[in-house]
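So the sequence lines, in the order shown, correspond to chains A and B.
Each step along the first sequence adds one to the number in this note's numbering, with nothing skipped, and position 188 is 188.
Whatever position you read off the second sequence (first residue = 1), add 313 for this note's numbering.
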Amino acid sequence: MPEVLKAPLVVEFPFTRSLGPVQSAFLTGLRERVVLGVKTADGRTLVPPVEYDPVTAEELRDLVEVANTGTVTTWAWNHEPRRGQPLHAPFAWVLVRLDGADTALLHALDAPGPDSVHTGMRVRIRWAGERTGAITDIACFEPYDAEPHRPGGHTGEFADPLTGIVAPARLDYTYSPGRAQSAYIDALSEQRTVGERCPSCRKVYVPPRGACPTCGVATAEQVEVGPRGTVTTFCIVNIKAKNLDIEVPYVYAHIALDGADLALHARIGGIPYDQVRMGLRVEPVWTEGTRYPDHYRPTGEPDADYDTYKELL
Amino acid sequence: MTREIAVVAFAQTDHRRSTEESSEVEMLMPVLHAVLEQTGLRTADIGFTCSGSSDYLAGRAFSFTLALDGVGAWPPISESHVEMDGAWALYEAWTKLLTGDADTALVYSYGKCSPGSVRDVLTRQLDPYYVAPLWPDSIALAALQAQALMDAGHTDEPALAAVGARSRTDAEANPHAQLKGQVPQGDYVVRPLRTGDCPPVGDGAAAVILAAGERARELCERPAWIRGIDHRIEAHGLGVRDLTDSPSTRLAAERAGAFERPVDTAELHAPFSSQEVILRRALRLGDDVRVNPSGGALAANPVMAAGLVRIGEAAARIHRGASDRALAHATSGPCLQQNLVAVLEGDPR
């Protein structure tokens, strides 16, 4: 078996999320160092507050300020903080029922070690220096032995309430493409295009994915195809893509390489965009140091007969 | 008139720490072939196909459509997908068969945890406003639940260690399990949970075939009849729930008829040792019930497939006459947030 190909893959996205009125008040409150809960019909105060009662689904709007002191209801010692977590030094994850609340809030507790943490211990909020209206405006909790904080009776009305948050997310992967695609990529590095044949229907798939999508069986027999092929269909791209240094308009085409039963797609160059046509014969153009053809250009052969590629549109 | 529906075949991969040499479809396809072969069915004979997976695990967009290549979806098949454990795909297929629209269903699921960090990936399923920005990983949340359970006096560290040890000892008889035999309980990962209380991280796939009525009897000598199946979800706010209990499991079990007669076997989807303690109490399982003879999720936890594997393992025991009435459970979300319970029975012998 050839060496497994691997590459780092980062999936990163800043999710922009709109807020309901209760979420907006809560997060705006954190910015102003005010903690708000929401009252349910049966008199419970939910912190963090939600838009709808988790039991009855009733709409909740009755905001009430609670204390920034509270009691740990459960905890877990995290000796190896991970990326994105509230503290860089070891800390305790805690659920804290703030004074005046009936439910608990998840956050971090800054404590010297696991022996100094227990369920029932008293804590208070440590506010972040810079606050934007986010759960991270609470930097963490810290141990607190004095009198409970008395909330100020805030109504949840703010001059400039938040309407949305941006929540960045990032996940890191090590991508490996699997057996069939690894073989395809390996061959490309020698400027060869290698597909795989289905043992059942005999079709040659390029690029191969390891399975015949029609028959549901593994493909294994490797078949070199091309390098020449036929444009089966195409489109003219008129909008410049971000980070792509190609002058518009240009042609992007489906190309059936000779010997392949599936068209792949690539850019067509070396010919004015408005002269590209179905049936045009093309060949790959490789540039130094790349693992795939930069584009395809006309070979100068006569156009292919429609009947030779009509199944490959 | 309710149709009788049974699990008639089950197959799974060997679950491994990494399957980097295979794409998802390359990992899945042998299992699809194995489960079809058990029944003699071909793709074209299957009335409905349903799968469960999550693109976030391996970071591959639309991986479930690529996985369909392994089914052979031509001519076009009747197909669906859930971004959940395959146990929920099975629920959808069961519903489809109940309507009479199909007599057979192929259900499969797969999870490739190895390309990413599953602890971090699972944070993305949490409340995006109040919780996800703190990146609390799956082990941290389970540890909060375990501590609550200890504070309530329902368990302690030695009892949790015993759950892990029993699971991995049982897994020695399971050729597909990833972690088996004597495994050190290890250090704290997130206290109070130690390595031994946590599931192995691994890749794997599973598939089952469902069939209705007489069709089931034709395809399987002893079908595992689904006498009841139900799933329930709890509030997403962790601080709203009583983490020491699982009312959603209890209610699902009630609706599935689990309490009508005792079961002899239970396959519980408890990725953490502490969660088995909670599930045993919620399901009122006595010491006479064989719990997780396969080794359970503590021996192999291919995320998105581990729940379906529980149903498959329970059914397989009925198929081979090792059980007459078994309970299978699957979970989803943090701290047993959502739970599915199925009750399976074999025909009297």
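Think of the CB as a built atom: it goes at the ideal place given N, C-alpha and C, for glycine as much as any other residue.
No experiment lies behind these values; they were computed from the predicted model shown.
- For the segment 437-467 of chain B, the residues whose beta carbon sits under 7 Å from a beta carbon of chain A are, in order, 437, 441, 442, 443, 444, 445, 446, 447, 448, 449, 450, 453, 456, 457, 460, 461 and 464.
- A distance below 6 Å between beta-carbons, with the five flanking residues on each side excluded, links residue 521/B to the following residues of its chain, in chain order: 320, 323, 420 and 625.
- Residues 590 of the same chain have their beta carbon placed closer than 8 Å to that of residue 472/B, with the five preceding and five following residues left out of the count.
- Listed in chain order, the beta strand (DSSP E) elements of length 3 or more contained wholly in the segment 560-638 of chain B are 578-580.
- Taken in chain order, the unbroken stretches of beta strand (DSSP E) that lie wholly in the segment 224-290 of chain A and span 3 residues or more are 229-237, 250-257, 264-268 and 281-285.
- Excluding the 5 residues flanking it on each side, residue 574/B has same chain C-beta neighbours closer than 7 Å at 638, in chain order.
- Residue environment: residue 235/A is assigned as exposed (fewer than 16 neighbouring CB atoms within 10 Å of its CB, all protein chains considered).
- In its chain, beyond the 5 residues on either side, 325 and 519 have a beta carbon closer than 7 Å to the beta carbon of residue 622/B.
- At least one beta carbon of chain B lies nearer than 9 Å to the beta carbon of residue 212/A.
- The beta carbon of residue 294/A lies closer than 6 Å to those of 285 and 287 in the same chain, with the five residues before and after it left out.
- Within the model, the alpha-carbon separation for residue 541/B versus residue 400/B is close to 14 Å.
- In the three-state reduction of the DSSP assignment, residue 222/A falls in the strand class, which pools E and B.
- Here residue 453/B is near residue 78/A, since their CB atoms are less than 9 Å apart.
- Around the C-beta of residue 240/A, fewer than 16 other C-beta atoms lie within 10 Å, and the residue is accordingly described as exposed.
- With 16 or more other Cβ atoms inside 10 Å of its own Cβ, residue 543/B counts as buried.
- Within 10 angstroms of the beta-carbon of residue 242/A lie fewer than 16 other beta-carbons, which makes it exposed.
- In its chain, beyond the 5 residues on either side, 197, 212, 214, 261 and 262 have a beta carbon closer than 8 Å to the beta carbon of residue 203/A.
- Counting only runs of 3+ residues, the beta strand (DSSP E) found wholly inside the segment 65-100 of chain A occupies 69-78 and 91-98, in chain order.
- Contact between the segment 446-462 of chain B and the segment 385-402 of chain B is absent, with fewer than three C-beta pairs closer than 8 Å.
- By the Cβ neighbour-count rule, residue 268/A is buried, with 16 or more other Cβ atoms within 10 Å of its own.
- In the structure shown, the three-state DSSP call for residue 312/A is helix.
- Each residue's CA atom was taken as its position, placing residue 601/B and residue 20/A some 50 Å apart.
- One Cα belongs to residue 523/B, the other to residue 343/B, and the distance between them is close to 18 Å.
- Proximity of the segment 57-75 of chain A to the segment 174-190 of chain A falls short of the contact definition, fewer than three beta-carbon pairs being nearer than 8 Å.
- Less than 9 Å separates the beta-carbon of residue 16/A from that of residue 164/A.
- Per DSSP, reduced to three states, the secondary structure at residue 552/B is helical.
- The residue from 492/B, 426/B and 526/B with its alpha-carbon nearest to that of residue 410/B is 526/B.
- Boundaries of the beta strand (DSSP E) harbouring residue 519/B: 516-525, taken from the DSSP string.
- Bridge partners of residue 363/B according to DSSP: 393/B and 420/B.
- Here residue 264/A is buried: its Cβ has 16 or more other Cβ atoms, across all protein chains shown, within 10 Å.
- The segment 334-341 of chain B and the segment 555-569 of chain B do not touch, with fewer than 3 CB-CB distances between them shorter than 8 Å.
- DSSP places residue 158/A in the coil class of the three-state scheme, outside both helix and strand.
- Of 230/A, 229/A and 180/A, the smallest CA-CA separation from residue 221/A is found for 180/A.
- For residue 617/B, no CB of chain A lies under 9 Å from its own CB, so it is not counted at the interface with that chain.
- Residues of the same chain with a CB within less than 7 Å of the CB of residue 445/B, apart from the 5 flanking positions on each side, are 436, 437 and 439 in chain order.
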